[in-house]
Structure formats: C-alpha cells, structure tokens
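Chemist: Sharing a structure, written as structure tokens. Questions coming.
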Amino acid sequence: MNGAVLLLPILIPAAAALCVFLLPRADRVVKGIFSVIAAAASLALSIALWGRTADYSIPWGGFGMDFSLRLYRFSEFILLGVAAIAFLTALYSTVFMRDKPLRKQFHAFLLLNLAFASGAVLADNLVVMLFFWEGLLVMLWAMIMTGGTKASPTAVKALVLNGVADLCLLLGVGMAALSAGTLTMSEMRLPMAGINNAAFALMMIGAIAKAGSMPFHSWIPDAALDAPTPFMAFLPAAIDKLLGIYLLARISMDLFEFLPGGAMSAVMMWIGAVTILLAVMMALIQKDYKRLLSYHAVSQAGYMILGIGTALPVGIVGGLFHMVNNAIYKSGLFMTAGNVERETGTSDLKHLGGLGRKMPITFACFLVLALSISGVPPFNGFFSKELVFDAAKESGWIFYAFALVGAFFTAASFLKLGHAAYLGKPADEAGKAKEAPWPMLVPVIALAALCVLFGLWNTLPLNGIFGPVLHDAGLEAEHFNGLPGNWMLAAISVGVLLLALANHQWGVKRTGKGLGAVDHIHYAPGLKQLYDAAEKRRFDPYDIGMAIVRGASRVLFWIDRGIDWVYNRFTVWVVSAFSWLVRKPHNGTHWMYVLWVLGGAVAVGILFLGVF
Amino acid sequence: MLCAVFIPVLGSFLLPLFGKFSEKLRNALSLLLVAASLAASAWLLPGALRGEAVKVSMPLPLGFDIGFAADGLAVFMALVSALVSAIIVLYSFTYISHYGNRNEYYLMIVLFIGAMMGLVYSTNLIVMYLFWEISAIACWRLIGFFREKEYVLRADKAFLVTVFGALMMLLGFVAIYQQTGTFDMTAMRGVKIPDLAVALILFGIFSKSATLPLHTWLPDAGVAPSPVTSLLHAAVLVKIGVYAFARYFLVTFDMSQFWHTVVPAICAVSALVSAGAAIIETDIKRIIAYSTVSQLAFIFLGLSTGSIVGAAGGLLYILMHSLAKGGLFLCAGIVEQNMHTKDIRRMGGLIASMPVTAVAFIICSFSIMGLPPLGGFFAKYMVINGAVDAGQPWMAAVFVLGAVLTVVYLLRVFAMVFMGSPKGDLPKERSKTMVASVVTLAALSIAAGIFINLPSSFVQQIVSGMAVMPK
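As they're listed, the protein sequences go chains U and A. For the first sequence, the tail end lands on 612 under this note's numbering, and the numbers increase by one without skipping. For the second sequence, the tail end lands on 1471 under this note's numbering, and the numbers increase by one without skipping.
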C-alpha cells in the first residue's frame, strides 16, 4: 500500500476545517452537517485502513526530524477510536451547538482536533509526534474558547497546565533522542539507566497529563462548567485519554525497557493510585451533573496509569482496555448530561429530578453507562477494572486497596447522580422536559451498545487487539478475557459494589433525597474541613503554581528594577559626582592654579628622578 | 549585494526631498528601497544555497580592506530582516500618517534597514562596526521620535548603552588585530582568540541584543512609535547582536570551551529575570519587550552551546522570532493607537471589536511560546535539544522553565487585552493596511511551521559550512 495514504487521516479533517471556516456565516445547520460528513469520511477511512500496515516518510525539519508516519496494529486501533468518537461528537453537536454563537469555530476546531489527534497517533518520529501533540494543546485552548469569553480563564488554565507537561515531554524527547541516537520511535529501545530515567519520567509527565492525571487535572472540572458539553464528551472524556494512554503505553512497552519493580514503576503506580482516590472523593460531593462527571474523567485515568504502571502484562492490557472503555462510557455520560442540560436548561442536580419518565431513552442509556463505569458485571468496565485490580494486587496490597476504595466511591457517586437526576420527585425545571432529538440520542445509544458489546464479548478487544499489541512489544501474551484467574477478586469487587448500594440506601433514608445520599461522608468530621478547603480551591495545583510564579516574578521584577536603577540613578550619580570632583579644582582663583603649576612641577621632577 | 546595501543607505537621504513634493511618492519610494534590498538578497539566495559566496572587496592598507560577502548566514539574516522590514514599512504608512516629522521618520527607518544590510554582508570588523554605529544613531532618533523630554532621555539611554557596548567591542577588535594584523574576517577563520577579546566582544553583543544586565534600555525604548519598536525587536536592532554572535563565534573565531557554559548561564539568568518582569509589567509594549529579552536568551543558548542542532535552532529562532515578534508589536500598535493607552489594565474584551487583530496576536504568541503548528515550535525544540546534546540537560531544564513563563505572560496579555469585560468603549481596527500587515506575519508564522523543510534545509546548509563547529 502506498504510504502517502497515511496523510489522508490528517489532511481530510484539516481541509474540512478550513472549509468550515470559509463557509458563509448565514446558515445554522450546514456547517454542522458538513463536519459530520467530514468526520464520517475520516471514520470510513480508518475502517478502510483497518488491518493494514504502512509506512510513510519524507524529509522535513532536518537533523533526523523526518515526517514519518506508521500504521500498525496499535496505531490503527487508536486511530479508529479517535475517528469514531469524533464522528459521534460531530453528530451530537449538530443539534447541541445549533443555537450557540461560536458554532462555526466549534465545528472547525473539532475537525482540527481530529486531524491533530490522527497525526499524533500515526507519528513514528518523536518530533512529529510532539508537533501534533502540542498542536492539540493549541486546539484544546481554542475549543474551550468556543464556550465564549467566560471560558477564557479556563482555557488559559488548561493551556498552562498542559503546556508545562508538554514542555517536559519536549525535554524528555530531546534526552531520549540523544541517548538513542535516533528520533524514530519504532527504532528506539532504551534501557532504564542514567539519563534515560529522567527522559522516561519527563515523557511520562507529558503522557499522563494529557490523560488528565493529577496534578495536571484541575482545568477539567472548570471546563465542565465553561466549555460546551460536547467538548467534554470529545476531548477530556475520550480523545485525551486515548492519546495520553497510547503514548504512555508506547513509552512503557516500546521506547523504554520499563520493567516491574523499578523506581519509575512505583512512581507511576502511586500517581495512579492517588489520582483514583482523590479525584473520586471530589466527584462524590459534586452537586453538578457535568462537574461530577469531570472528576470521574480524572479518577478513571488513575486506573489506567496504575494498570500500566505495574509494568505487568495483565496491568498494561487492563489499562489499555480501561482506556477504551472509559472513552466509550465517559463520552456517553457527558452526552447524557448534554441531553439533560438541553431539555431542562441546567445541569445543577439541585434543580433536577424525576427525569427518568420524561427522558426514558436517555435514562436507559445512562443506566448502562453508569453501570459500566461503576464496574458492574457484565458490562465492559467490570472486566477492565478486574484486570487492573489483578495487576495492582500483584504489585502491592496498598495499590489494590486504593483501587478498591476508588471503586466504592465511584459506585456511590453514580448511585447518587442517577438518583438525583432521574428518580425522585420531578423538579420545576424538569416540568417541560422531553426526550432529546435523535441526533443527540443516536451517539448515546451507540456508545451504550458498545459498553454492552465490549462487556459480553470482551474477547473481541482483549484477544483481538490488546493481546497481539503486547505480543508485538515482546511481552508474553496470555488470554485475558473473562473473569480473572483468581475468582476472589471478582467476588471482592461485587462485595464492594453491594456495600456502595447499602451505603446509598442508608444515606437516602437518612436525608430523604437522592442528592443527600453521601452527605454522611461529605460532612463527616475531619473530611468536612478538607472538602471545604478543596472546594475553595486551596489545593488547586494551578492556583498554587501561579501563586509561586507570581511571587517569584515579583522578586525577579525587583531584580530587574534594581539593574535599571543602576543605569537611571547610580550611573548618573557617579558621573555627576565625578564631574563635580574635577570641577572643584577649576574654580578660577589665582592660588588654585599656582597649586596646579607647583603640583605639576613636582610630578615632572619625580618622573625625571625616576627615569634617570 | 552592493545593491542590497547601498540602495537603502543612499536612497534614504533622498526621501525627505521627495517628501517635500508628495507624501505618497515618498512612502512608495521607501517601500521600494526596502523591497529592492529584499530582492537583491533573494537574488543572492541560489548562490548561497550552492555554497558559493559572492564576494566584493577593496584592498586598503593596514588590514582595513573593505569587503562584502554573501554567504549563507548573511543571506539568511538579510532575507529575514528585509522581509519583516518591508512589512513594517507598509504598516507605517497608516500608523505614522497621524504624526509630524514624517520625512525624518522614513529617512531614519530606511537608513536603519540599510545599515543592517551593510552590517550583515560586511566581512571586515571595522566596516561592520561602522554600520553598527549608524544603526545606533538611527535607533536613537527613532526612539525619541515623539520628542517628549522623557522619551528623549530614554533614547539617550539606549544610545549610551549600545554605544558604550560597541566601544568595548572595538577594544576587543583591537586585541584581535594585535594578534592577527588584520580586520578581515575571511582571513581569520578558525583563529583562536584570547578570552579578554571574547569578553569585550560579548559585552558589545549583549548590549545590542539587550541581554541581562545590559537590557533595560530595550523596554524603555517602547516609547517609540510601534512600527519602530517592531523594527527594533523583530527585524534589525536586537538581531544585530545575535547575528554578530553567529558571525564571530560560529563562523569566524574559535572561543575556548569555557564560554560554551558561561554564555548559556548568563542567558539563563536573562531569560528568567526578564520573563519575571514581563509577568509583572502592565504596559503592553514593555511586556512584549521583556519577552524579546527573554527570547533572545533562547537564541543565544542555541548558538552558544556548541551543538550543531542548537546552532541551527538558534538561526531558525531568529527567523521565527522576527516574524512573530514583529506581528506582536504591530498588533500592539493597532491596539495602542485605537485605545490611546498602553496600560493593559485599562483594556479588555477587545476581541469583540478587533477580531482579526486578536487572532493574529494569539497566533504570533503561540509561535513565541513554541507551540505547533507555528514555526516557533521547531526553533524552540531544536534550541533545547541542542542544550541537551551539548551535555547540559540542566541548562535545558532552566530554559524549559523560561518557556513556561513565556506561556504565562503572553496568555496574560492576551487575556487582559482581548478577553474579559470591556473597560470603556471598544474602538474598531480601522486601517486595512495595518491589519493586513499583522495577518501577513501571522500567516507566515503558520507557513514557516508547516513547511519547516524550506527554512530548515537552508539552515542546515549554513551550519554545515560553519568553520568552528564540532563534529
């Protein structure tokens, strides 16, 4: 196959995005439909590319920075996932964004995101990967900006947080390239020693930050409120996870000899474990549909990082499978939030309730998606979580404990969310709500169906894709489908889920409403103070970082002013003092000049004495 | 090549004369002079790409031979400089039409650009010094163009600092002359020069390229008309220093290993301090000026670590920074002229009334931040990669920190000027030529990123011909 065909997944959406920009302003629907067609074309293309391999390379930046792309088992799968999510989001947005002022920009940036994401996935040269990767940063900023001027601070926050991580990635790429002597990813295989540890750590930061891990996460909950909902379903829920974990898997399996038991493995597992727990604790107490989901988008990334961080085949497979599952259900969940928001005009859970009757299809889909994310068998989330649990238990009980507690809170918060939004008494806002229009339902139904499919038929992704991917990377490929070998794990998971259900029932009974189901945890002594501080953003890494930057800048600014003072005041003072000093002896009086003459004579005399 | 130099230098003196008859004619002629210089440099490009430098020289006694040569480095710098200058001159037509002393303005601008061309092509240290000082005089007049007392003082400051630096450099040249008996750089390739001479020359270079601690005149120079600041930052003045660095220490002289660590260290401090100042300042032009100081440090880092990738990155950085920084200042000019203030605290929400300027501004900002698909990305990557290659990963890490601060201060400006709630009424962009200029620069930044192969292959050709590069 001609390798140049690999340019198409990048060029088709990019060209389409340009067309969207250039289309006349007047029409409200055409641009949406156009972007659906373009995304469909990309999807069709990635289906056509399925199962093939191809390479493409042309000289580009010099110094080994060739524009090289590589299509193989792993990249084509991620490419398909990206295109599929983009298509569904585009379809969804035709209606959701129809009346929004910046819809043209939204559609165009959606397509550009697709183009850049495809490039990042296909890249076989680290600089090309970086080019598309950091390009996504610009697109991320631009897409949040389509939420209007109020979204600007969030867009800045997202750009700064991810920018820090991407610059780390850039430095890591430089180091890796130096020790490998090449920039071509498929030729790299670095042992974990010396500077390579730093290179790995830096590249890992870039990857996990894209996936939304702590401490680079805090823009996601803000974006949930400021950016358009389809954006959330598209980037933080799906594409960012696919790309971040794809890169993490690539550096762990291919680029570096990343082995269990190493320091980097421990670092990654801890990041994963802490992210799972802290983010899910925050999700638990949220009173806004989208904000609650956004914390889960962070927390779920923790499972993937934990899984891959174990460096065990079962963990890597679990992490990858969880990445796919998360992209499916999290995207779907955000879309249900969008449906609710569109029909009721709010996503605040205090004003929602009883929507189950009014929006039965959305509710049914929500149920499937929520059961999947909570890890209820036989949905897809259950199987991927079990794999991660298995790997975590192998690596240390403490990680398993974090993951289990995370699972408990995940289930608890979705019970609360579902109860508050769809059951209970209908709130006033829910009065005139009806089922969402079909372009917004079809994507949700499709995603819910995929959850069922990947749950019941988990052999399809596990043995069809991830097993062979691991095999290609030289890791032993067992069969991972079905229940884990140790059935105790599954039993414990189910036990945790039942515990969450009991907890929910008790909480509801205590407060009398779905929204209050976790109040006993929220307002527990000790936790309450922590939660209050967290809600006041005391722990936001962005705010802390910016405070440090501002403080340091203040110091640097005064250093700069000090230097300027040397020019503006000190130098002037020295010059005038000097001229005053030399002016003094020239005061025009007779005796002063007699002194000069005498002094001169003495000096000449000394000089002569010295010479002779 | 002589056309490239002497058409603007000599032609500039005719401009006031034409200005007496017709404004339009003078404007057109000044653009024509710069364009001629650009065209002449472009004409030299094929030769430079083949590695055959065109040379002209006039022998004089005592090693004072006047000589010009168009090698790859010279043509590269001349093209970058003339291209951006031409766009700035075009922009000036509307900007400056509101003010007096227009004849003087065009005279000085074109003379300035001509001096840059002369400096770039000359092969003799003393001839280079002459053009160096012509540029200082032009710069002095242009900074104090609005003639207010405070402004004139700042122009004096800029003049004094840069001329003092240049005199130091002249001392360095004398030290070199003592050793070699000539001022002709082509005769001195690969000569090892004493550390004292290096230190003196670096002093001159840092004063011209506004590097800590010789930088504070540059933010102060923001009192000049915006196209002038744009010219100072993007096309001519501060690029003289980096060009001279490349010319002296990459092509001509061999400096001791010691400087490959000292220069990056000075630049690291410069990058961080100026970035910190940029985060605190509230005057839009001062912020962008500090950003220049900070970015110049990146260019020096690339050129000075002694790595071939870094050197290529440094040269690309000159190009990318010129395009983007020129664009930023011209955008700032549009904003400042319509808002009648430079204080970003008194701006806000301008994207509603100046959408094109806002988009151009953010595109140029992204290029400076080093984000793809803009050209700045490759430059920044190569510069940082160069530091890693040279065995200085910690230095690279410090500059990564500097790059983070770059992101912060540029976004801060954008957010405060174009986002947020409007303070007072929102003026429109008005002039089409001015907007067209900034759009051109933004578009060039994008093109330079996507088609990086074009500038990159040129730069590769240049660095492969460098005399004193390792490897």
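Where is the CB? At the ideal position from N, CA and C, for every residue including glycine. Nothing here was measured: the structure is a model prediction, and the numbers come from that model.
Among the residues of its own chain, which have a CB less than 6 Å from the CB of K290 (chain U), if the five just before and after it don't count?
Modeler: The answer, listed in chain order, is A224, A337, S347.
Chemist: For chain A, find out if any of its Cβ atoms is closer than 9 Å to the Cβ of D222 (chain U); answer yes or no.
Modeler: no
Chemist: Would you say R554 (chain U) faces chain A, with C-beta separation under 9 Å as the test?
Modeler: yes
Chemist: Once you ignore the five residues that flank L1044 (chain A) on each side, which residues in its own chain have a CB closer than 7 Å to its CB?
Modeler: M1001, V1054, A1070, V1075
Chemist: Is DSSP giving A86 (chain U) helix, strand or coil here?
Modeler: helix
Chemist: Does the CB of P1373 (chain A) have a neighbour CB from chain U at under 9 Å?
Modeler: yes
Chemist: Work out the CA separation of L1202 (chain A) and F1245 (chain A) for me, nearest whole Å.
Modeler: 8 Å
Chemist: Given P1534 (chain A), which residues of its chain have a CB within under 6 Å of its CB, disregarding the five upstream and five downstream residues?
Modeler: In the structure as shown, chain A begins at 1001 and stops at 1471. Residue 1534 (chain A) is therefore absent and cannot be evaluated.
Chemist: Alpha carbon to alpha carbon, how far is Q1257 (chain A) from A1396 (chain A)? Give it in angstroms, no decimals.
Modeler: 18 Å
Chemist: For D1389 (chain A), go through chain U and note every residue whose CB falls closer than 7 Å to its CB, in chain order.
Modeler: Proximity of chain U to D1389 (chain A) at the Cβ level (cut-off 7 Å) is accounted for by L178, in chain order.
Chemist: Just the Cα atoms here: how many angstroms apart are L1218 (chain A) and V1438 (chain A)?
Modeler: The straight-line gap separating the alpha-carbon atoms of L1218 (chain A) and V1438 (chain A) is approximately 22 Å.
Chemist: What does the alpha-carbon distance come out to for the pair A1039 (chain A) and V1005 (chain A)?
Modeler: 11 Å
Chemist: Going by C-alpha distance, which of U:G375, U:R357, U:A237 is nearest L333 (chain U)?
Modeler: U:A237
Chemist: Tell whether a beta-carbon distance below 9 Å holds between L190 (chain U) and S179 (chain U).
Modeler: yes
Chemist: Per DSSP, F1068 (chain A) forms a beta bridge with which residues?
Modeler: A:V1056, A:S1122
Chemist: Going by alpha carbons, who is nearest to S1457 (chain A) out of A:Y1121, A:N1338, A:L1315?
Modeler: A:L1315
Chemist: Given that G244 (chain U) touches chain A, what residues does it touch there, using C-beta distances under 7 Å?
Modeler: Those do not exist, as G244 (chain U) stays about 18 Å from chain A at its closest Cβ, beyond 7 Å.
Chemist: To which residues of the same chain is C1267 (chain A) closer than 6 Å at the C-beta, ignoring the five residues directly before and after it?
Modeler: A1297, F1300, L1301
Chemist: Taking only beta-carbon atoms, is G147 (chain U) less than 9 Å away from chain A?
Modeler: no
Chemist: DSSP state of Y523 (chain U), grouped into three classes?
Modeler: coil
Chemist: Write down the C-beta distance between V121 (chain U) and L183 (chain U) rounded to the nearest angstrom, noting that I regard them as a contact closer than 8 Å.
Modeler: About 17 Å; that fails the 8 Å criterion.
Chemist: Give the DSSP-derived three-state secondary structure of F1206 (chain A) in the structure shown.
Modeler: helix
Chemist: Shortest alpha-carbon distance to A1028 (chain A) belongs to which of A:L1049, A:M1168, A:Y1106?
Modeler: A:Y1106
Chemist: For F578 (chain U), count neighbouring Cβ atoms within 10 angstroms of its own Cβ and tell me buried if that reaches 16, exposed if not.
Modeler: Exposed.
Chemist: Taking C-beta pairs closer than 7 Å, name the residues in chain B that F1366 (chain A) reaches, listed in chain order.
Modeler: This model lacks chain B altogether; the protein chains it does include are U and A.
Chemist: Let me know if E1150 (chain A) comes out buried or exposed under the rule of 16 or more other beta-carbons within 10 Å of its beta-carbon.
Modeler: exposed
Chemist: Identify the contact partners of M175 (chain U) in chain A, using a Cβ-Cβ distance below 7 Å as the criterion.
Modeler: V1388, P1393
Chemist: Residues in its own chain within less than 8 Å of L1441 (chain A) by CB, not counting five upstream and five downstream?
Modeler: These residues qualify, in order along the chain: V1084, I1087, L1323, A1324, G1326, G1327, L1330, A1360, C1364.
Chemist: Any C-beta of chain A within less than 7 Å: which residues of the segment 569-599 of chain U qualify?
Modeler: none
Chemist: Going by C-alpha distance, which of U:Y246, U:N380, U:G62 is nearest L460 (chain U)?
Modeler: U:N380
Chemist: Going along the chain, which residues of its own chain have a beta-carbon closer than 8 Å to the beta-carbon of A263 (chain U), five neighbours each way excluded?
Modeler: N197
Chemist: Can you tell me where the beta strand (DSSP E) with L69 (chain U) in it begins and where it stops?
Modeler: That run of the beta strand (DSSP E) goes 67-71.
Chemist: What are the residues in the segment 1310-1322 of chain A lying within 7 Å of chain U by C-beta distance?
Modeler: A1312
Chemist: Could you tell me whether any Cβ in chain A is nearer than 9 Å to the Cβ of R98 (chain U)?
Modeler: no
Chemist: Helix, strand or coil for G119 (chain U) per DSSP?
Modeler: Here G119 (chain U) sits in helix by DSSP.
Chemist: Is H590 (chain U) buried or exposed, if buried means 16 or more other CB atoms sit within 10 Å of its CB?
Modeler: By the beta-carbon neighbour count (other beta carbons within 10 angstroms, threshold 16), H590 (chain U) is exposed.
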